[in-house]
Each structure stands twice: as C-alpha cells, then as structure tokens.
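Asker:
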Amino acid sequence: MKPTTKTLSEADRCSEDRVEGAQESPEGLTKRTFLKHSAQLGAAISAELLLGTSLRSAYAATSGIASSEESSFEAIEQLARELMAQYHVPGVAIGVISGKDTFSAGLGVARADKASPFTPATATYLCSLTKTFTATAAVMLSEAGKLDLNARIKDLIPYFKVADYTATKEAKVIDLFHHHTGWGSEHGLAPVGDTGEPLDRALLQAFYLPQLIPFNQAWLYSNTNLVFASRVIEVAAGKPYEEVISELLLQPLGMTSSRFFYGSSAPDGDFAWGHPAIYGDDTSKLNPQFTQIPRAASGAGALISNVADMLKYARFQIDGLDKNGKVLMSGQALDYAHAPAVDAPTGGKTGVTWFVDDISGVRNIHHMGSFTGYRTWLELIPEREFAVVVLTNSDRGIEVYEPLAEAAIKLFTGLEKRRIAPIDSDPKVLDPYLGRFVGVYQDYLIKRDAGTYRVETKSKPIYPGAPAWADPAPATIANAGNGWFIITDGPKKGLVGELLNDPNGKPNYLRIDHRIFIRETD
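Residue 1573 in my numbering sits at position 391 of the sequence shown, with consecutive numbering throughout.
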C-alpha cells in the first residue's frame, strides 16, 4: 500500500519538527507468544489473588526465549505485585514486546469483591488509548486519499460551528490531533440528547462549547477534539465510526476481543470493573464501580480490549503489518503519525495524538488512558522493536504503570528515561503560582504555609451524576527550573506544572496533568 502523496504531504507541512530519515519498519516479524496464563488454572483461584499473585501458565516455556529476558519479565511482575500492594490496586495486566518475542501476565483480580482473576484476556476500558485508534484511522484514510488532514473542518462539515469565530473559521482536522484548539475538553462525555446520531449531535451542540483559551495559543489536551475527529472520520469514510475502526484495524489485526461498549451496566464475561483510589490503609471502600461512557465519546475512550489484543496493536504500530504479515499501513504513514509535530507541556512534543519523547536520541511514543476506576498505558520504541502495555482497574493505576513502564524500558532496551527533578533555589520563585486555578472537573489551590509551598486538588464530576475522583492529601511542590514546579510527594509525585500567559500577557493559566486551569481573580 502506498500513501496518497497529496493528503499526507499537505498535512505533513503542519509538522515542521518532523523527524526525517526514520528507519523502515522490519517486515515479516514472527509473533511468538510467551503465555503467562492458563485458563486451566481457573479452578485453582484462591485468596492468593487478592494479594496480587500472578497467573502464569503451568505449561511450558518452550519458546526458546533468552533467559535474561525471561528474568527481566519476572522482575517486572514482582515490581507490579509490590506496587499493587502499596497503592491498593486490585488488578493489573502487563504485556511486553521485545524483538520477535511477546510476554504477558495478569495479576490480582478483576473485581475486589470476587476471586475472578485479572488475566491477559481480561477486558477493560482502554480509556484514552482509544484516541490512538482514532488517530491511526485518520492517517490511514489520508493514505488512502479519503481524508485531507490539512483541510478545514468546516469545509468537510459545513454546519461545524463553535462559539469562537476564529476557531470555527480556521480549525483543521490535524488541529484535533495536535490539541491546539483551545475549547472545552470534556464535551461528549456528558449526555448529548436522544435525537439523531450521537456524534452528529455532539458536533451540532459545539456552538455552546466554551473557548477556554484562544484558538491555537497553546497545547490543551481535549477529549472534545477526538469526539469531533470521530465525526470527521464518519464523513470521510461514509460509514459509522465503529465500522471504520473495525474494518481498518480490529479485523485486520485479529483483535477479536476488542469492541466499543456504551452500556449503562458493565459487560458480561471476563471484564475488569473499575475501583476508586484508596489513600491510607482502610480498604473497606475498595468497591467495584462502573461508569458508562456514552457513544458520543466513542473515539475518545469507549473501546474495550485486553492485553492480548493490545499486543497485536502494539506490534502493528511497530511494523505496520496485519495478522497475515501484509502491509496494512506504510512506513511513511507510521512515521508521520509518530513524529514530533507540535510543542506539548514541559518540553514534550505531540505527533498525531501520540506523545513523543526522546530517550538518549531514540524516539519514544506513548499514550495514557484515564477514566473513573481505570488507568491504562501504551508505550512504544519502534527503533528497538519494543512495546509495553499496562492495563489497571484503579484510579491509582498511574502509580503502577509509570514505574512498570520505566523498568521495562530499562531492562529490555537498556535505555533510561531522564526525569525532571527539583532544584535548589529560593522558594519564593514559586510565588507567581500562588492562588486558585479553576478547571472543568478539577481545581488546583497552591498556597504557602510557613515557607513550604503546597498544592491541593478538588475534584468535580465531569457531568451531573458522575462520581468525582477521590482527592489525595495536599502535596509539597518545589522549583523544577524553566519556570516549572514539580510535586515532590504523595500520589502525584513527579507531576510537573507550568504557568502560561493569558491573551493579556498575565500568567493566569496553570497547565498541569495535560489540562489548563484558569486563575481565579477578584
């Protein structure tokens, strides 16, 4: 399959920082699954599951995998057990691709109130990992000549209109994936009514969408962008969004356990329920919960899948091949999707929805997922034929997947991420951050107490009736240089924030955790 030069090259001009000369993806990789779980062990489930015991196959590691890699994966499993116990995370599934070899494991339980194991076959919401499917489909449609990523949205959908005139006039398809639109971030997660198609309704209601910051001023992560992108895909392909994703990706990759789900109660079968964050040692409130994702948010987060299927998807993102070893997406298209295109927070970059970093000169791409009761992670280093996927069923899952992913990268590739760290300085450099910053579903309060600077969060429901996330205790912040601060303790340890100027040149925007919060003024 060759790309349509017109559409890819036009969109490519939006990416001035695009990395050139990327290596061609390897062809004909053989998938060798190293099974870590056997359904035959189901009868042996016991209280050990509640302690995070790994379910691994009782039959044979006869794949010839190097013992060092086997030991590396065992170390990842052990680290996962420790983190799960520390942060009260009921279940985790992990998958790693290293060259031609594949590793997977399930640990803990799918529901804290039942001894049902969390295995590589256990489905969860992918949450925002769904966005990478939406973005990949858009690039594939561009490659096929069906979608111009550099086209204005209103030229594709004439009735498109948001509250801001400039955004309505200038917003392009690629802006949706670069997160430079500036409008409200959670449209589509709330109910949009019962008349007509949900994606079409969501777009029709866009006129009421608040413009949080001026169009194209700064990077602001937005679920709304992917809601609109899903409708753009429908218009370009001439069929429902779900059919497009199934035909372009799920079926060709053999992802037979993956599907979109919009039910008001959890799906039947092997499905992991979400769980709230537990701070402290009282686990009496570690109760399973399920929150519906409406169809309007399909392309933003409504895909359910498991580690077994996600390893197929990760392999495809490395080599571009379908389940039969045929080219499904060209190396040029993959490189375009994965290349750094626009500035993202605290020195990072974004490609076509992917977050793009550099580890010792090697490109690293990743995306995370977050919804009530779930945290998910997918990270790829195509040059090293490496991927790691982690699915969790807890609001504290980030505290598990981040160290797991970093450990996997170091053990399997020898690469080590450089983390932003506090620096010694006069604490008063943090004075500009003092105040309350208001967001859609969370507020931040930064205050000084006896010379110590602390941050508090106050969560709010995403929409009326939705549960709010539990808030951790106030945390300490320190100067991280470059005008940034870093949280130095608590569950958000390592999270970095930065101040941005508003249109009047005043430092009234706090960008942290991928969102922008606006300073409350008198």
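Cβ coordinates follow ideal geometry from the N, Cα and C atoms, glycine included.
#1: Nearest to S1274 by CA position, among L1573, D1463, L1371, E1598, is which residue?
#2: Which residues in the same chain have their Cβ closer than 7 Å to the Cβ of G1436, if we skip the five residues on either side of it in sequence?
#3: Once the 5 residues before and after I1427 are set aside, which same chain residues still bring their CB inside 7 Å of it?
#4: Would you mind working out which of E1252, G1555, W1651, Y1615 sits nearest F1453, comparing C-alpha positions?
#5: In whole angstroms, what separates the C-alpha of R1693 from that of K1508?
#6: Quick one: grab the DSSP three-state call for V1271.
#7: Any contact of the stretch 1408 to 1422 with the stretch 1335 to 1353, i.e. 3+ C-beta pairs under 8 Å?
#8: Distance check for H1361 and F1498, CA to CA, integer angstroms please.
#9: Starting from the C-beta of T1558, find all residues in its chain whose C-beta is less than 6 Å away, skip the five residues before and the five after it, and write them out in chain order.
#10: Taking the C-alpha atoms as reference points, what is the distance between E1702 and A1411?
#11: Using beta-carbon positions only, say whether A1384 and F1442 come within less than 7 Å of one another.
#12: Determine, using beta carbons only, whether H1520 and P1272 come nearer to each other than 7 Å.
#13: In terms of alpha-carbon separation, which member of L1289, D1295, A1648 lies closest to T1301?
#14: Suppose you measure from the CA of S1487 to the CA of S1404; what does that come to, to the nearest Å?
#15: Just the C-alpha distance for S1439 and S1446, rounded to the nearest angstrom, thanks.
#16: Roughly how many whole angstroms lie between the Cα atoms of D1678 and A1448?
#17: Report, in whole angstroms, the separation of the C-beta atoms of V1321 and L1391, which I expect to be a contact under 8 Å.
#18: With which residues is K1640 paired in a DSSP beta bridge?
#19: Can you look up T1558 in the DSSP assignment and give me helix, strand or coil?
#20: Can you tell me whether N1407 is helix, strand or coil according to DSSP?
#21: Can the beta-carbon of I1279 be found closer than 7 Å to that of A1569?
#22: What whole-angstrom Cβ distance do A1317 and T1535 have, given they're in contact under 8 Å?
#23: May I have the straight-line CA-CA distance separating S1254 from A1590, to the nearest angstrom?
#24: Report yes or no: do three or more beta-carbon pairs, one from the stretch 1626 to 1645 and one from the stretch 1653 to 1660, lie closer than 8 Å?
#25: Might you give, ordered along the chain, the residues of its own chain that have their beta carbon closer than 8 Å to the beta carbon of A1530, omitting 5 neighbours on each side?
#26: Helix, strand or coil for F1443 per DSSP?
#27: Grab me the residues of P1685's own chain with a C-beta within less than 6 Å of its C-beta, minus the 5 sequence neighbours each way, in chain order.
#28: Is there a Cβ of chain C sitting closer than 7 Å to that of K1354, yes or no?
#29: So, with DSSP's three-state summary, where would you put G1663?
#30: Can you grab the Cα-Cα spacing for the pair M1492 / V1571, in whole Å?
#31: Using only the alpha-carbon positions, how far apart do Q1471 and W1455 sit?
#32: Give every residue of the same chain whose Cβ lies closer than 6 Å to the Cβ of R1477, excluding the five residues on either side of it in the sequence, and list them in chain order.
#33: Cβ atoms of L1681 and A1400: under 7 Å apart, would you say?
#34: Taking C-beta to C-beta, are L1402 and G1370 nearer than 7 Å?
#35: Name the residue from L1597, I1669, Y1691, H1270 whose alpha carbon lies nearest to the alpha carbon of N1469.
#36: By the three-class DSSP mapping on this structure, what secondary structure does D1613 have?
Answerer: Reading off the structure:
#1: Per the sequence presented here, residue 1274 reads as Val, with Ser not at that position. It is L1573 whose Cα lies nearest to the Cα of V1274.
#2: The residues are K1494, K1505.
#3: Excluding residues within five positions, the ones whose Cβ falls inside 7 Å are F1315, A1319.
#4: Of E1252, G1555, W1651, Y1615, the residue nearest in Cα terms is G1555.
#5: Rounded to the nearest whole angstrom, the CA to CA distance from R1693 to K1508 is 42 Å.
#6: Taken through DSSP and simplified to helix, strand or coil, V1271 comes out as coil.
#7: In this structure the stretch 1408 to 1422 lies against the stretch 1335 to 1353, because at least three pairs of beta carbons, one per stretch, are closer than 8 Å.
#8: So the alpha carbons of these two residues sit roughly 24 Å apart.
#9: Contacts found: L1308, C1309, L1311, G1551, L1573.
#10: The C-alpha of E1702 lies about 32 Å from the C-alpha of A1411.
#11: No, the Cβ-Cβ distance between A1384 and F1442 is not below 7 Å.
#12: Going by C-beta atoms, H1520 is not nearer than 7 Å to P1272.
#13: Nearest C-alpha to T1301: L1289.
#14: Taking the CA atoms as reference points, S1487 sits about 22 Å from S1404.
#15: Our two residues, S1439 and S1446, have alpha carbons roughly 20 Å apart in a direct line.
#16: Just to set this straight, residue 1678 is Val in the shown sequence, not Asp. When rounded, the distance between both Cα atoms is 34 Å.
#17: About 25 Å; that fails the 8 Å criterion.
#18: Under the DSSP definition of a beta bridge, K1640 partners with D1625.
#19: Three-state DSSP puts T1558 in a strand.
#20: Helix.
#21: Contact: yes.
#22: Here A1317 really is in contact with T1535; their C-beta atoms are around 4 Å apart, less than 8 Å.
#23: About 8 Å.
#24: The stretch 1626 to 1645, when compared against the stretch 1653 to 1660, does touch it at the 8 Å Cβ threshold.
#25: Here the sequence assigns Gly to residue 1530, which means Ala is not the residue at that position. A distance below 8 Å between beta-carbons, with the five flanking residues on each side excluded, links G1530 to the following residues of its chain, in chain order: F1537, V1538, D1539.
#26: F1443: coil per DSSP, three-state reduction.
#27: By the criterion of a C-beta distance shorter than 6 Å, P1685 is surrounded in its chain by P1396, once the five residues flanking it on both sides are discounted.
#28: Absent here is chain C; the protein component of the structure consists of one chain.
#29: Assignment of G1663 by DSSP, reduced to helix, strand and coil, places it in the strand class.
#30: Cα to Cα, M1492 sits roughly 7 Å from V1571.
#31: Spanning the two alpha carbons is a distance of roughly 6 Å.
#32: So the qualifying residues of the chain are P1380, Y1444.
#33: By the CB criterion at 7 Å, A1400 and L1681 fall outside the cutoff.
#34: Not a contact, by the Cβ cut-off of 7 Å.
#35: Check the Cα spacing between N1469 and each of L1597, I1669, Y1691, H1270: the tightest is with H1270.
#36: For D1613, the three-state secondary structure derived from DSSP is helix.
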